[in-house]
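Down below is the structure, laid out as structure tokens.
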Amino acid sequence: MIIAAALCPSPPLLIGDLTGAACVLPELRLACEQAVAGLLAARPDVVAVVGAGERTMVADAAARLDVAAFAPGIGGAVSARKDTLPTSLGVGGWLLDQAGYAGERLLRSVAHSESAQRCGRIGADLAAGSAKTALLVLADGSACRDLKAPGYFDERSHGFDAEVERAVRAGDVGALLAIDAGLASELMATGRPAWQVLAGALRGKRLTTQIGYCDDPFGVAYLVASLRVG
Amino acid sequence: MPPKQTTLRLRGHSFAPERLLVMAIVNRTPDSFFDAGLTWEESAAMERVHQVIADGADIIDVGGVPAAPGQQVDVTEEIRRTAPFIAAVRGAYPDVAISVDTWRHEVAAEVCAAGADLVNDSWGGRDAKLPAVVAEYGAGLVCAHVGKQQPRTRPFRVRYPDVMADVIEATERLAARALEAGVDRAGIVVDAAHDFGKNTWHSLEVTRRLAEMTATGWPVLVSVSRKDFIGETLDLPLQDRLAGTLATTSVCAWLGGRIFRAHDVAQTRQVLDMVAAIKGDQPPARAVRGLT
Chain A
471 MIIAAALCPS PPLLIGDLTG AACVLPELRL ACEQAVAGLL AARPDVVAVV
521 GAGERTMVAD AAARLDVAAF APGIGGAVSA RKDTLPTSLG VGGWLLDQAG
571 YAGERLLRSV AHSESAQRCG RIGADLAAGS AKTALLVLAD GSACRDLKAP
621 GYFDERSHGF DAEVERAVRA GDVGALLAID AGLASELMAT GRPAWQVLAG
671 ALRGKRLTTQ IGYCDDPFGV AYLVASLRVG
Chain B
584 MPPKQTTLRL RGHSFAPERL LVMAIVNRTP DSFFDAGLTW EESAAMERVH
634 QVIADGADII DVGGVPAAPG QQVDVTEEIR RTAPFIAAVR GAYPDVAISV
684 DTWRHEVAAE VCAAGADLVN DSWGGRDAKL PAVVAEYGAG LVCAHVGKQQ
734 PRTRPFRVRY PDVMADVIEA TERLAARALE AGVDRAGIVV DAAHDFGKNT
784 WHSLEVTRRL AEMTATGWPV LVSVSRKDFI GETLDLPLQD RLAGTLATTS
834 VCAWLGGRIF RAHDVAQTRQ VLDMVAAIKG DQPPARAVRG LT
């Protein structure tokens, strides 16, 4: 049973050391921190971390983000590591570590290519167990919101992200499940499968959403939200 | 012992192993990141060629398409921007090596016919037909590492288990492909391609470990001028990145880089001459201190 959910983006720049001497986007970091704190305040039996990756799988709960894959020189020796955890899950796990969470965690990745139906099913399965489950969903909006964006400017990105934000605010799981996977991929909106897992997990529930952050400082749409169930 | 550096041969131009080379950037674009259209007009571009040769450039690198995403430039337009200009430079300077910055084989064919000696494929071998064209003209080829990045895109959350291992694997694979296509062995150059498919940490790492790349024996092209990893490291805008560029150039020259692609040719020439003297590969221009 899902008792609470939080939505955070997963740019590597959330990991403090990766941005060098500067503290980049402190307000985004704070919003994520608060969303995770809210999730843990619900006293879950398990935190399910959900994010998109190369494959659909459950990763080793002890796995952590390979920081050296992004920043050789600060993340430990090259030879001793295995680069397996998707960035989304790695950032989610890092947020839990930062919050001091030492309880049970489930690291669930969903392939970028997974259909909406299948994502919804994965979400429903997460909700089906009797354990009090908190969902930490790592999902990013389009990366094409201006000329300096990673994916350059695509005029469709603003409408796309606005619809995601609206659906999250309204708890409109049907709209999240209806997100066009092809368009999401063209806009580099890597969060699509994770939003749809969230939708599948919360289908039929009464939701209260609080938005902690919604902006695109680097041309990528970041959305932080806390979703209370019931 | 790693293989020794050997003579670099770009069609009719030969460069001894210990000679550090400046490759001067001449953009035939209205929108490149640093010069922003300064040499878009052909007369301005030719004016820059005169200047960079006077400043000590060994190779002129002509580009018709900016690296950043933006206005589409198709094959016809890229040829229109580069080939006639290269023919003009060839006519004016028969002894200077000319490079073209392109990933497209159709463009390479036209510019080699116009006199280009080196194809600087900075997008890492995206066009599989390119090496055969380069071979046909007896030109040299730059084999660059860009990870999984497509031409004219930006890196997005790129990660590597070991970025330098990836650089060496990819550039050696491209070099082998070039050899197989018949490209002159003495004209193959490798490039770690700072900032391409890399974040700032990755570019710093390939700089720090450049000696691993020079140890492969292939001549290494270093293309760092005014790039974002320097800007991010020093927190400085484009116009203030010269010192950072020259510091990076100096480290890379010390670690065995051979060719240095530069906006600021006179300053780069000085840095390379200084490093060559420190290495003992080149005597001081004039040494009388304490000797009189």
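Protein chains in written order, with the numbering used here: chain A, 471 to 700; chain B, 584 to 875. By construction, the Cβ of each residue, glycine as well, lies at the ideal position given by its N, Cα and C atoms. These figures come from a predicted structure and were not determined experimentally.
Which class does residue i belong to by DSSP, given the choice of helix, strand or coil?
i: residue 723 (chain B); result: strand
i: residue 823 (chain B); result: helix
i: residue 511 (chain A); result: helix
i: residue 641 (chain B); result: coil
i: residue 774 (chain B); result: strand
i: residue 686 (chain A); result: coil
i: residue 549 (chain A); result: Bear in mind that the predicted position of residue 549 (chain A) carries a pLDDT of just 46, short of 50, making it unreliable; the figure below should be weighed with that in mind. Coil at residue 549 (chain A), not helix or strand.
i: residue 696 (chain B); result: helix
i: residue 747 (chain B); result: helix
Have a look at residue i and residue j and give me their C-alpha separation to the nearest angstrom.
i: residue 626 (chain A); j: residue 612 (chain A); result: 9 angstroms
i: residue 791 (chain B); j: residue 807 (chain B); result: 13 angstroms
i: residue 477 (chain A); j: residue 627 (chain B); result: 53 angstroms
i: residue 630 (chain B); j: residue 828 (chain B); result: 24 angstroms
i: residue 645 (chain B); j: residue 668 (chain B); result: 9 angstroms
i: residue 594 (chain B); j: residue 747 (chain B); result: 30 angstroms
i: residue 550 (chain A); j: residue 615 (chain B); result: Bear in mind that the predicted position of residue 550 (chain A) carries a pLDDT of just 48, short of 50, making it unreliable; the figure below should be weighed with that in mind. Distance between the alpha carbons of residue 550 (chain A) and residue 615 (chain B): 41 angstroms.
i: residue 675 (chain B); j: residue 698 (chain B); result: 11 angstroms
i: residue 711 (chain B); j: residue 669 (chain A); result: 43 angstroms
i: residue 622 (chain B); j: residue 811 (chain B); result: 21 angstroms
i: residue 722 (chain B); j: residue 728 (chain B); result: 20 angstroms
i: residue 655 (chain B); j: residue 770 (chain B); result: 31 angstroms
i: residue 517 (chain A); j: residue 641 (chain A); result: 20 angstroms
i: residue 657 (chain A); j: residue 565 (chain A); result: 26 angstroms
i: residue 765 (chain B); j: residue 704 (chain B); result: 16 angstroms
i: residue 610 (chain B); j: residue 502 (chain A); result: 44 angstroms
i: residue 483 (chain A); j: residue 666 (chain A); result: 24 angstroms
i: residue 579 (chain A); j: residue 661 (chain A); result: 11 angstroms
i: residue 713 (chain B); j: residue 851 (chain B); result: 30 angstroms
i: residue 590 (chain A); j: residue 588 (chain B); result: 58 angstroms
i: residue 672 (chain A); j: residue 837 (chain B); result: 59 angstroms
i: residue 715 (chain B); j: residue 805 (chain B); result: 24 angstroms
i: residue 560 (chain A); j: residue 657 (chain B); result: 40 angstroms
i: residue 687 (chain B); j: residue 645 (chain A); result: 43 angstroms
i: residue 720 (chain B); j: residue 809 (chain B); result: 32 angstroms
Following the continuous beta strand (DSSP E) through residue i, name the residue where it begins and the one where it ends.
i: residue 522 (chain A); result: 516–523
i: residue 682 (chain B); result: 680–684
i: residue 596 (chain B); result: 596–598
i: residue 608 (chain B); result: 604–610
Would you mind reading off the limits of the alpha helix (DSSP H) that contains residue i?
i: residue 589 (chain A); result: 586–598
i: residue 666 (chain A); result: 662–672
i: residue 661 (chain B); result: 658–675
i: residue 656 (chain A); result: 651–656
i: residue 812 (chain B); result: 811–817
i: residue 593 (chain B); result: Not the alpha helix (DSSP H): residue 593 (chain B) falls in the beta strand (DSSP E), residues 591–593.
i: residue 627 (chain A); result: 626–640
i: residue 796 (chain B); result: 793–797
Are the C-beta atoms of residue i and some chain D residue less than 8 angstroms apart?
i: residue 683 (chain A); result: The structure shown has no chain D; the protein chains it does contain are A and B.
Report, in whole angstroms, the separation of the C-beta atoms of residue i and residue j, which I expect to be a contact under 8 angstroms.
i: residue 592 (chain B); j: residue 767 (chain B); result: 6 angstroms
i: residue 659 (chain B); j: residue 647 (chain B); result: Not really, about 11 angstroms apart at Cβ, beyond 8 angstroms.
i: residue 521 (chain A); j: residue 556 (chain A); result: 6 angstroms
- request: Residues of the segment 718–743 of chain B with a CB closer than 9 angstroms to any CB of chain A: list them in chain order, please.
  value: In summary, the residues of the segment 718–743 of chain B whose CB is separated from some CB of chain A by less than 9 angstroms are 735, 736, 737, 738, 739, 740, 741, 742, 743, in the order they occur in the chain.
message: Please identify, using Cβ separations under 7 angstroms, the residues of the segment 741–764 of chain B that lie next to chain A, in order along the chain.
response: Cβ contacts with chain A come from 742, 743, 744, 745, 746.
field: Contact set between the segment 777–790 of chain B and chain A, restricted to residues whose Cβ is under 8 angstroms from the partner
entry: If you check each beta-carbon in the segment 777–790 of chain B against every beta-carbon of chain A, the ones closer than 8 angstroms belong to 782, 783, 784, 785, 787, 788.
task: Check distances from the C-beta atoms of the segment 798–822 of chain B to those of chain A and list, in chain order, the residues that come in under 9 angstroms.
output: The segment 798–822 of chain B vs chain A, Cβ under 9 angstroms: 815, 816, 818.
- request: Using a Cβ-Cβ cut-off of less than 7 angstroms, list which residues of the segment 650–680 of chain A approach chain B; keep chain order.
  value: Considering only beta carbons, the part of the segment 650–680 of chain A lying closer than 7 angstroms to chain B consists of 658, in chain order.
- request: Taking a Cβ distance cut-off of 7 angstroms, strictly less, list which residues of the segment 605–636 of chain B are near chain A, in chain order.
  value: The segment 605–636 of chain B vs chain A, Cβ under 7 angstroms: nothing.
query: Going along the chain, which residues of the segment 634–664 of chain B sit with their C-beta nearer than 7 angstroms to a C-beta in chain A?
result: Those would be 652, in chain order.
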